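The sequence shown runs 2 to 480 under this note's numbering. Step one of this worksheet: look at the structure below.
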Amino acid sequence: MSNPLEDRFERARAVADAVLFEGYVLYPYRASAAKNQLRWQFGVLVPPAWTATTGEHSVQRTECLLEPRKGDRLHAELRFLHVRRRTVERLDADGGYTEVPELDLPDRVLVPWDEGHEERVLIHEALDKLTGDQAPVHAVRFDLPDAVEYEPVTDAEGRTLGRLVRRRKRLTGELRPRVEELPGPYRVLRLTVSVHNTTAVTEREDADRETALAHSLIGTHLLFGVPGGRFLSLTDPPEWARPAAASCRNESTWPVLAGPPGADDVMLSSPIILEDHPAVAEESPGPLYDATEIDEILSLRTAALTDREKREARGTDARAADVIDLVDAMPGAVRERLHGAIRGLREVTGDGPAGEPRPAAPDTGPTLPQGPGHPWWDPAQDAEAAEVPDAVVVDGETVRAGSRVRLTPGARRSDAQDSFLHGRHATVEAVVGDLDGETHLAVVVDDDPGTDVRRAQGRFLYFKPDEVAPLKEREEEAT
2 MSNPLEDRFE RARAVADAVL FEGYVLYPYR ASAAKNQLRW QFGVLVPPAW
52 TATTGEHSVQ RTECLLEPRK GDRLHAELRF LHVRRRTVER LDADGGYTEV
102 PELDLPDRVL VPWDEGHEER VLIHEALDKL TGDQAPVHAV RFDLPDAVEY
152 EPVTDAEGRT LGRLVRRRKR LTGELRPRVE ELPGPYRVLR LTVSVHNTTA
202 VTEREDADRE TALAHSLIGT HLLFGVPGGR FLSLTDPPEW ARPAAASCRN
252 ESTWPVLAGP PGADDVMLSS PIILEDHPAV AEESPGPLYD ATEIDEILSL
302 RTAALTDREK REARGTDARA ADVIDLVDAM PGAVRERLHG AIRGLREVTG
352 DGPAGEPRPA APDTGPTLPQ GPGHPWWDPA QDAEAAEVPD AVVVDGETVR
402 AGSRVRLTPG ARRSDAQDSF LHGRHATVEA VVGDLDGETH LAVVVDDDPG
452 TDVRRAQGRF LYFKPDEVAP LKEREEEAT
C-alpha cells in the first residue's frame with residue numbers, strides 16, 4: 002500500500018538531489034577541467050575549529066511554522082554528502098601496488114578524485130517529546146569513523162590491473178530538534194532543528210578548505226513531514242501568521258513547502274533559495290549537475306566530446322559516467338523536447354469565445370528587422386535606445402573597461418550568493434546598459450579560476466556603479 006508521506010518525501014528528494022549534487026561535477030565532467038578544481042559550494046558545514054580559516058559555517062539552523070491539527074509525530078531526514086578521497090594504484094609485477102596519476106583503460110581513464118557519498122540521519126519522534134525541557138534529551142548524534150575501502154580494477158578477461166583506494170575521514174554531528182507552541186488564538190508550533198558538525202579535528206587548526214572538506218557535511222539539507230499536520234509557507238504565509246513567520250530565524254538554509262502544489266505536510270530546508278513546491282522540469286532527461294547551463298546546451302556539448310574526453314569523464318566519477326551514457330543513448334525525440342517548453346499558454350489567436358473576431362492588435366509603431374542577423378532588439382536600430390557611456394565616475398574616479406574595482410554589493414541584490422563576493426577584487430570588462438536605461442558594469446572576479454572561460458564566453462557578473470569601489474594605488478600594489 003502506498004505511503005502518502007513517503008510519496009511526498011520521494012518527490013521532494015528529486016528536487017533535493019538537484020541541490021545535493023549541484024556543481025558536483027561540471028561539464029566537461031573531467032577531473033582535469035578547471036571548472037572542477039573548486040567544488041562543494043552549497044550547504045557546507047565544517048568542524049567548529051575551522052570556521053574562521055575556511056569562511057564556512059559549522060551550524061545550520063531551520064525554523065518553520067507548523068499547525069499540528071491531527072498530526073502528532075515529526076518525521077525528519079537529514080541528507081548530506083561525505084567526501085571519499087579516491088586514489089588510483091597500478092598492480093606491479095611483484096604483486097605490490099604503486100599509486101599513479103592515471104590508469105588508462107579501454108573504456109575509461111581512472112584518475113584521483115573526491116567522491117561524495119550520500120549519508121542520511123532520520124528522526125521519528127512524537128511532537129510532545131520535542132517540547133519544553135525534554136527536547137535536548139532527543140538530540141540525535143551520528144559518528145562516521147575513519148575508513149579505507151579497496152576496489153579492484155580488472156580488464157575484460159577479469160585480470161587485475163590495479164585498484165581504487167577510497168579514504169574517508171572521521172565526521173561527527175548532531176541534530177537538535179525542538180518544538181515551541183506560540184501564543185495566540187490558533188494552535189501554531191515553531192519547529193526548530195539545528196544541524197551541528199561536532200568533529201574534533203586533530204590536524205592543525207589553520208587548515209585550508211581542502212583539508213576541512215574531508216571532515217565536513219556537504220549539500221546539507223533537511224526534509225520534514227508531519228502526517229495530519231500542516232506547515233505554513235514562510236515565503237507567503239497567511240496574513241494572521243506573518244508576524245510569527247517573520248520571527249523565524251534561519252541560518253544557512255531556506256525552508257519551503259515541498260511536494261505537489263496544494264500539499265502542505267512536507268517541508269524542504271535547502272541551502273539555496275527555492276520557491277514553494279519546487280519541481281524538476283518534466284523535460285529534463287536526468288541529472289546533469291551543472292545548473293549554470295541549460296539541459297539542451299549541456300547535452301549537445303557533451304555529445305560533442307572526443308572519445309578520449311568521454312573516457313576520462315567515465316573514469317572521473319560514476320555520476321559523470323552516467324551523464325555520458327545518458328547523452329550517448331538519448332533518443333532524438335527526447336533531445337528535441339529540451340529545446341524549450343511554454344507553460345501556462347493562453348490562446349490568443351483565432352476567434353473569441355462567442356465566435357466574434359478578436360480586436361486587432363494596437364499599433365505600437367515601426368518594428369525592427371527580424372530577418373537573419375538581427376536580434377529581437379538591437380540598440381543600434383532603435384532610435385529611442387539610451388546611449389551607453391564607455392566610462393562612469395565612481396567616488397570621483399573614472400571606471401571603464403580594464404579598471405580594477407572592489408565589489409561592495411548592497412542589501413537590495415536579489416541574488417543572495419552575491420554576499421560572498423563582498424570585498425573581492427574584480428576587473429571591469431565593459432560598461433553596458435539595459436532596456437530600462439540603467440548602466441551596469443560587467444566584471445570578472447580576479448582570483449576566479451574560471452576567469453579565462455568567462456571572458457571567452459562573455460559570462461560576466463553585473464553590478465551597478467554604486468556597488469563597486471575603485472581600487473586605490475596601495476590596494477593595487479597589495480594584490
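Where is the CB? At the ideal position from N, CA and C, for every residue including glycine. This structure is a prediction, so every number in the text was calculated from the model and none was measured.
Outcome for residue i when other beta-carbon atoms lying within 10 angstroms are tallied against a minimum of 16
i: P354; result: With a pLDDT of only 49 at P354, under 50, the local geometry of the prediction cannot be trusted, and the value read off the model is given with reservation. When all chains shown are included, P354 counts as exposed.
i: D318; result: buried
i: K311; result: buried
i: F10; result: buried
i: R31; result: buried
i: V394; result: exposed
i: S300; result: buried
i: E276; result: exposed
i: E313; result: buried
i: Y1; result: Absent from the model: residue 1. The displayed extent of the chain is 2 to 480, so no value can be given.
i: H423; result: exposed
i: K170; result: buried
i: D265; result: buried
i: T368; result: Note that T368 has pLDDT 48, beneath the 50 cutoff, so the model's placement of it is unreliable and the number below is only indicative. Classification for T368: exposed.
i: D209; result: exposed
i: F225; result: buried
i: H118; result: exposed
i: D115; result: buried
i: A64; result: The question names Ala, yet the displayed sequence has Glu at residue 64. It counts as buried.
i: G333; result: exposed
i: G374; result: Caution applies to G374, whose pLDDT of 43 falls short of 50 and renders its modelled position unreliable; the value that the coordinates give is listed next. G374 is exposed by the Cβ-count criterion.
i: G220; result: buried
Range covered by the beta strand (DSSP E) that runs through residue i
i: D144; result: V141 to L145
i: P256; result: W255 to L258
i: L214; result: Where L214 is concerned, there is no enclosing beta strand (DSSP E), although the alpha helix (DSSP H) it sits in stretches over R210 to L214.
i: S271; result: V267 to S271
i: P238; result: From DSSP, P238 is part of no beta strand (DSSP E); its letter is neither H nor E.
i: R315; result: Premise fails: R315 lies in the alpha helix (DSSP H), D308 to T317, not in any beta strand (DSSP E).
i: P153; result: A148 to T155
i: H118; result: W114 to A127
i: G263; result: Here G263 belongs to no beta strand (DSSP E), and DSSP marks it neither H nor E.
i: L165; result: T161 to R169
i: L224; result: I219 to G226
i: P471; result: V469 to P471
i: V406; result: R405 to L408
i: R401; result: E398 to R401
i: T132; result: Here T132 belongs to no beta strand (DSSP E), and DSSP marks it neither H nor E.
i: P392; result: Going by the sequence as given, residue 392 is Ala instead of Pro. Note, A392: beta strand (DSSP E), A392 to V395.
i: V101; result: Y98 to V101
Element boundaries [alpha helix (DSSP H), containing residue i]
i: V454; result: T452 to Q458
Sheet register partners of residue i (DSSP bridge)
i: Y463; result: A443
i: S195; result: R62 and R177
i: T200; result: Partner(s): none; T200 has no beta bridge.
i: G434; result: T440
i: Y30; result: Its beta-bridge partners do not exist; DSSP assigns none.
i: F232; result: L67
i: A17; result: Beta-bridge pairing links A17 to no other residue.
i: L190; result: L67 and E182
i: A427; result: V406 and V446
i: D105; result: V110
i: L172; result: L145
Any non-hydrogen atom of the ligand MG closer than 7 Å to residue i Cβ
i: P178; result: Annotation note on the ligand MG: not contained in the displayed structure, which lists no ligands.
| said: With three or more C-beta pairs closer than 8 Å as the rule, is the segment 245-252 touching the segment 215-231? | reply: no
| said: For the segment 173-190 against the segment 72-89, do three or more pairs of beta-carbon atoms, one drawn from each stretch, fall closer than 8 Å, so that the two count as touching? | reply: yes
| Counting pairs of Cβ atoms below 8 Å between the segment 92-108 and the segment 260-276, do you hit three or more? | Counting Cβ pairs under 8 Å, fewer than three are found: no touch.
| Would the segment 121-134 and the segment 146-156 be scored as touching if the rule is three or more Cβ pairs under 8 Å? | no
| request: Give, in chain order, every unbroken run of the beta strand (DSSP E) that is at least 3 residues long and sits entirely within the segment 37-89. | output: 60-68
| Meets three-Cβ-pair contact criterion under 8 Å: the segment 430-449 and the segment 457-466 | The segment 430-449 is in contact with the segment 457-466.
| task | Could you tell me whether the segment 418-434 touches the segment 453-462, where touching means 3 or more Cβ pairs closer than 8 Å? | result | yes
| message | Any contact between the segment 88-105 and the segment 53-63? By contact I mean 3 or more CB pairs, one from each, below 8 Å. | response | no
| task | Inspect the CB distances between the segment 11-19 and the segment 249-269 and report whether three or more fall short of 8 Å. | result | yes
| field | Cβ pair count under 8 Å reaching 3, the segment 55-72 against the segment 187-200 | value | yes
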